[in-house]
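> Going by my numbering, the letters in the sequence shown line up with residues -12 to 322, in that order. From the three backbone atoms N, C-alpha and C, an ideal C-beta is built for every residue, glycine too. Quick caveat, the model's predicted, so the values are computed rather than measured.
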Amino acid sequence: MGSAIEEASLKVFEDAGERALNNVLRDPDPQLLYLATEHDAFVRRLALKWAKPFKLLDIHVAICHEIGDARNDWLRKTRKRSKDIIVVDVITRLHGRAVQVAREVQVLLRNGFAEGALSRWRTLHELAVVAMFVAQKGADVAERYSAHFDADSVRAGRQYQKFAPALKYAPMPEFEQRRLDRLKLELETKYGKSFFGDYGWAAEALQVARPTFAQIEAAIELDRFRPYVGLASNAVHAGAKGTYFRLGLIGNEDVILTGASNAGLEEAGRLAAHSLAQISATLLMLQTNADSIIWSRVLLALCKKVEHEFVVVKQRIEREERQLRRKGVARHGRS
């Protein structure tokens, strides 16, 4: 009897769920159009409010992109027979990723997603730190960094085998398992067991068994960015700090932010410009000449202008918000 009641109850819930889904999908276009129109209007207002820093950041990213293209071609031609061509290969690849990530930051900023932009800055910062460390330590570290691709493949293979049954995936073929086992042995013989850690490629240079990213930062004196890395981590992870403190809110607003905001964009904007300048200068200074010195100075000066303009707009928004609150007007920070 109980079983029949349970089955009937399940059927009722299934039918109700199916009807609700059908209602949602019947004619969603008017509501979706309304939401899209609202978002487009917000983006236009945001673009006007942050116009100057956005434009300067656009210029900055475009210049760094051009520097990457030109320097990549020139360095590979002039140093193709050099023993440290591996350094050029690693730095140019890291720089290419950095430009792409900077463009992702731009998209998130222009759509009002401060936390998302800051989380992508964290990746940009990591790319800059690794590039500077490799450039400083030279060909041996560059080779280890490049070889770490295989170490990551070994770890990924083992992880796949472990969880394949739960995911209902086919197990890895035996020949592929044997190949990864041979690869692991080769890497371990050449670089040691510590090579398989997350930053194992830096173990020898740092003289520690299990290097951390913070140690790599400290080695090139960029650990002063730790507070910002922590702030970005809050935006990425599910901790209490990132849940209760939101960059897109102004002051002590007790609001659950679920969408875009015109506030809080300055941190990601200015930090992105700074990190992109760092990695671009690293690429430029792999082989110094008049051009590399001049363009490094240009990037530094432009970076300062980007930072200044982001702070100016931030202060203006906060001033406007204080005025609105004094008047009892609804807060305008959110979309």
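Within 10 angstroms of the Cβ of residue 4, are there 16 or more other Cβ atoms? Answer buried if so, exposed if not.
Counted from its first residue, the sequence shown places residue 4 at position 17. Flag for residue 4 reads exposed.
> Could you tell me the boundaries of the alpha helix (DSSP H) in which residue 275 lies?
Translated into the one-based positions of the sequence shown, residue 275 becomes position 288. Counting along the chain, residue 275 sits inside no alpha helix (DSSP H), nor does DSSP assign it H or E at all.
> Tell me the residue span of the alpha helix (DSSP H) that contains residue 191.
Within the sequence shown, the letter at position 204 stands for residue 191. Residue 191 -> alpha helix (DSSP H) spans 190 to 193.
> Report the option in 280, 252, 305 whose CA atom is closest to the CA atom of residue 96.
Position 109 of the sequence shown holds residue 96. Answer by Cα proximity: 252.
> What residue does the alpha helix (DSSP H) around residue 144 start on, and which one ends it?
As a first step, residue 144 must be located in the sequence shown, where it is residue number 157. Unbroken alpha helix (DSSP H) run through residue 144: 126 to 154.
> Does the Cβ of residue 320 have 16 or more other Cβ atoms within 10 Å, making it buried, or fewer, making it exposed?
In the sequence shown, the residue the question calls residue 320 occupies position 333. Only weak support exists for where residue 320 lies, its pLDDT of 48 falling under 50; the value from the coordinates is given anyway. By the neighbour-count definition (other C-beta atoms within 10 Å, threshold 16), residue 320 is a buried residue.
> Express the C-alpha separation of residue 76 and residue 291 in angstroms, rounding to a whole number.
Within the sequence shown, residue 291 is the residue found at index 304, counting from 1. Within the sequence shown, residue 76 is the residue found at index 89, counting from 1. Roughly 29 Å separates the two Cα atoms.
> For my contact list, residue 78 and residue 269 are in at a C-beta cut-off of 8 Å; report their separation, rounded to the angstrom.
Counting from 1 along the sequence shown, the entry for residue 78 is found at position 91. Counting from 1 along the sequence shown, the entry for residue 269 is found at position 282. Right, their Cβ atoms sit about 6 Å apart.
> Could you check whether residue 116 and residue 204 sit closer than 9 Å to each other, using their CB atoms as the reference points?
Here the question's residue 204 lines up with position 217 in the sequence shown. Here the question's residue 116 lines up with position 129 in the sequence shown. Against a cut-off of 9 Å, the Cβ pair of residue 116 and residue 204 comes out as a contact.
> Here's the rule I'm using: 16 or more other beta-carbon atoms within 10 Å means buried, otherwise exposed. How should residue 93 be labelled?
As a working note, residue 93 is residue 106 in the sequence shown. It is buried - the Cβ of residue 93 has at least 16 other Cβ atoms within 10 Å.
> Which residue's Cα is closest to the Cα of residue 184: 101, 138, 272, 295?
Start at 1 with the first residue of the sequence shown, and residue 184 comes out as number 197. Closest by alpha carbon: 138.
> Could you tell me the alpha carbon to alpha carbon distance between residue 314 and residue 284, rounded to whole angstroms?
As a first step, residue 314 must be located in the sequence shown, where it is residue number 327. As a first step, residue 284 must be located in the sequence shown, where it is residue number 297. For residue 314 and residue 284, the distance between alpha carbons rounds to 46 Å.
> For residue 319, does the three-state DSSP call read helix, strand or coil?
The residue you call residue 319 lines up with position 332 of the sequence shown. Because residue 319 sits at a pLDDT of 46, beneath the cut-off of 50, its placement in the model cannot be relied upon, and the point is left open.
> CB-CB under 7 Å to residue 107, same chain, minus the five flanking residues each way: which ones, in chain order?
Position 120 of the sequence shown, counting from 1, holds the residue named residue 107. Here the set comprises 88, 91, 92, 95.
> Reducing DSSP to helix, strand and coil, say where residue 267 ends up.
Here residue 267 refers to the residue found at position 280 of the sequence shown. Correct three-state label for residue 267: helix.
> Determine contact between the segment 244 to 251 and the segment 29 to 37, defined as no fewer than three beta-carbon pairs at a distance below 8 Å.
Contact between the segment 244 to 251 and the segment 29 to 37 is established, with three or more Cβ pairs separated by less than 8 Å.
> Where do the N-terminal and C-terminal ends of the alpha helix (DSSP H) with residue 45 fall, by residue?
The sequence position of residue 45 within the sequence shown is 58, counting from 1. For residue 45, the enclosing alpha helix (DSSP H) has its first and last residue at 38 to 65.
> Are there 16 or more other CB atoms within 10 angstroms of the CB of residue -10, so buried, or fewer, so exposed?
Taking the first residue of the sequence shown as position 1, residue -10 is located at position 3. The residue is exposed, with fewer than 16 neighbouring Cβ atoms inside 10 Å.
> If we ignore side chains and look at the alpha-carbon of each, how far apart do residue 159 and residue 149 end up?
Working through the sequence shown from its first residue, we reach residue 159 at position 172. Working through the sequence shown from its first residue, we reach residue 149 at position 162. Roughly 10 Å separates the two Cα atoms.
> Taking Cβ to Cβ, would you say residue 101 is nearer than 9 Å to residue 226?
Locating residue 101 in the sequence shown gives position 114, counting from the first residue. Locating residue 226 in the sequence shown gives position 239, counting from the first residue. No, these two residues do not count as a Cβ contact at 9 Å.
> Give a yes or no on contact between the segment 48 to 64 and the segment 210 to 229, applying the rule of three or more CB pairs nearer than 8 Å.
no
> Less than 8 Å between C-beta atoms, sequence neighbours within five positions excluded: which residues of the same chain meet that for residue 147?
Walking along the sequence shown from the start, residue 147 turns up at place 160. Once the five neighbours on either side are set aside, the close Cβ partners of residue 147 are 156, 159.
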